[in-house]
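Colleague:
Numbering (the UniProt record's numbering), first residue to last: 1 to 92.
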């Protein structure tokens, strides 16, 4: 677990109703990242990524573009201690 890191990411822009969560889940699965993603009431998307530091950083960078239909305006990332996430899911 010591080589794992955790990033909590908040994505703003046109990121709801454009398959952002589904694309995030699929990309996280491809990269072996654990965590979750959900829509927030204020229109942003929140995601948590856990895994090797380089893979987590690649997901944070991916969020800058996200799904093809998204128009990302900003990505805020906060790094935290890993919490032992297992698998990746869309939360509702």
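Glycine is no exception: its CB is placed at the ideal position from the N, C-alpha and C atoms. Quick caveat, the model's predicted, so the values are computed rather than measured.
#1: Can you give me the Cβ contacts of residue 58 inside the same chain, cut-off strictly under 7 Å, excluding the 5 residues immediately before and after it?
#2: Out of curiosity, what's the CA-to-CA distance linking residue 47 and residue 68?
#3: Going by DSSP, what residues sit across from residue 39 in a beta bridge?
#4: Quick one: what's got a C-beta closer than 7 Å to residue 40's C-beta in the same chain, skipping five residues either side?
#5: Leaving out five residues before and five after residue 4 in sequence, what residues of the same chain have Cβ atoms less than 7 Å from its Cβ?
#6: Assign residue 14 to one of three DSSP states: helix, strand, or coil.
#7: Might you give, ordered along the chain, the residues of its own chain that have their beta carbon closer than 8 Å to the beta carbon of residue 25, omitting 5 neighbours on each side?
#8: Tell me the DSSP bridge mates of residue 51?
#9: According to the Cβ coordinates, are residue 7 and residue 73 closer than 9 Å?
Modeller: Once the coordinates are examined:
#1: Start at 1 with the first residue of the chain shown, and residue 58 comes out as number 58. Answer for residue 58: 31, listed in chain order.
#2: The residue given as residue 47 occupies position 47 in the chain shown. The residue given as residue 68 occupies position 68 in the chain shown. About 18 Å.
#3: Here residue 39 corresponds to residue number 39 of the chain shown, with the count starting at 1. In DSSP, residue 39 forms a bridge with 45.
#4: For the purposes of this step, residue 40 is taken as residue 40 along the chain shown, with counting starting at 1. So the list reads 46, once near-sequence residues are dropped.
#5: The sequence position of residue 4 within the chain shown is 4, counting from 1. Within the same chain, residue 4 has close Cβ partners 50, 51, 52, 82.
#6: Counting from 1 along the chain shown, the entry for residue 14 is found at position 14. Three-state DSSP puts residue 14 in a strand.
#7: Here residue 25 refers to the residue found at position 25 when the chain shown is read from its first residue. Closer than 8 Å at the Cβ level, and outside the excluded window around residue 25, lie 37, 88, 89, 90.
#8: Taking the first residue of the chain shown as 1, we reach residue 51 at position 51. Paired residue(s): 5.
#9: If you number the chain shown from 1, residue 7 lands on position 7. If you number the chain shown from 1, residue 73 lands on position 73. Contact flag unset, no.
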